[in-house]
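Quick notes on the structure that follows.
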Amino acid sequence: MTTTFIFDFDMTLVDSIFAVTRGLNRIARHFNLPPVTESETRRVMSLETKDFWTTLWGRYEAAWSEYFVAEVAGREANYLEIVPGAEAMLAELNAKGAALALATNRGNAWAALSSTGLSRYFDAAVGANDVARGKPAPDMLYLAMDRLKTDPGQAIYIGDAVYDMQAARAAGIKGLGLLQAGASAEELTAAGAWKIRATLIEARDLLELS
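If you read the sequence shown in my numbering, its first letter stands for residue 141, the second for the next number, and so on.
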């Protein structure tokens, strides 16, 4: 029986392509870096912090992250869009007594949730700052399950990226892959997805919501 639902954040619960691209281009202007397109943002969205920067600009500098925290992060929430049906789904899961956790390669998971007002639905949140290895390693999912006092047989991880499904497979839990961020069904299945749905709202049956 599924009692625990663990969610990814970007492009699973929120459409953040515009917001993240806008923030990246503020950083690019400040540090004289090449501008970033939404397509480029989409390709790096699921990566860990250092890999994220390195893939975009060929290297990583701590000053970029510091500038993001100081000048960009606080404004990002104004441009994040909660995925249609996501908040109602979280409320329904709460009402059914399910345990909810977030597992995201963002550094501060609670800050991400709080910025959208979704934190009130969650019992735990795990980000890149909480573990030694981000996704596709299973560390986040292990920690989320530990905090919720559950086990792999009771959990489903919902995400949109290949890394999400690889992490779920490595953790021994069911991975529900969403196509709403651009990954193909073939890519998600090859990465270990248990089931595929086009969007979060179309996954209601797999989350045991009528």
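Backbone N, C-alpha and C fix where the C-beta goes; we use that ideal spot for every residue, glycine too.
Taking residue i as the reference, which of the options has the closest Cα?
| i | options | result |
| --- | --- | --- |
| A331 | D148, E232, V302 and A268 | V302 |
| L316 | S324, F192 and G299 | G299 |
| R166 | W204, P278, M285 and R182 | W204 |
| L318 | D279, W197, T256 and Y297 | Y297 |
| F262 | K275, M229, P292 and R273 | M229 |
| G322 | N234, L240 and D155 | D155 |
| G293 | V184, L242 and K314 | K314 |
Is it buried or exposed, residue i, if we count other Cβ atoms within 10 angstroms and call 16 or more buried?
| i | result |
| --- | --- |
| V209 | exposed |
| F171 | exposed |
| D270 | buried |
| P174 | exposed |
| G274 | buried |
| A272 | exposed |
| T181 | buried |
| N245 | buried |
Under DSSP, the beta strand (DSSP E) around residue i begins and ends at which residues?
| i | result |
| --- | --- |
| K190 | K190 -> not in any beta strand (DSSP E); alpha helix (DSSP H) instead, spanning T189 to W197. |
| A308 | Per DSSP, A308 belongs to no beta strand (DSSP E); it is in the alpha helix (DSSP H), V302 to A311. |
| F147 | T144 to F147 |
| L230 | Careful: L230 lies outside any beta strand (DSSP E), inside the alpha helix (DSSP H) at A226 to A235. |
| L340 | Where L340 is concerned, there is no enclosing beta strand (DSSP E), given that its DSSP letter is neither H nor E. |
Taking Cβ to Cβ, would you say residue i is nearer than 7 Å to residue j?
| i | j | result |
| --- | --- | --- |
| G267 | I341 | no |
| T189 | V176 | no |
| R287 | A264 | yes |
| A249 | L240 | no |
Could you pull the start and end residues of the alpha helix (DSSP H) that residue i belongs to?
| i | result |
| --- | --- |
| Y207 | A202 to Y207 |
| I157 | I157 to F171 |
| R182 | E178 to V184 |
Stretch pair the stretch 247 to 257 + the stretch 142 to 155: three plus CB contacts closer than 8 Å: Because the criterion of three Cβ pairs below 8 Å is met, the stretch 247 to 257 and the stretch 142 to 155 touch.
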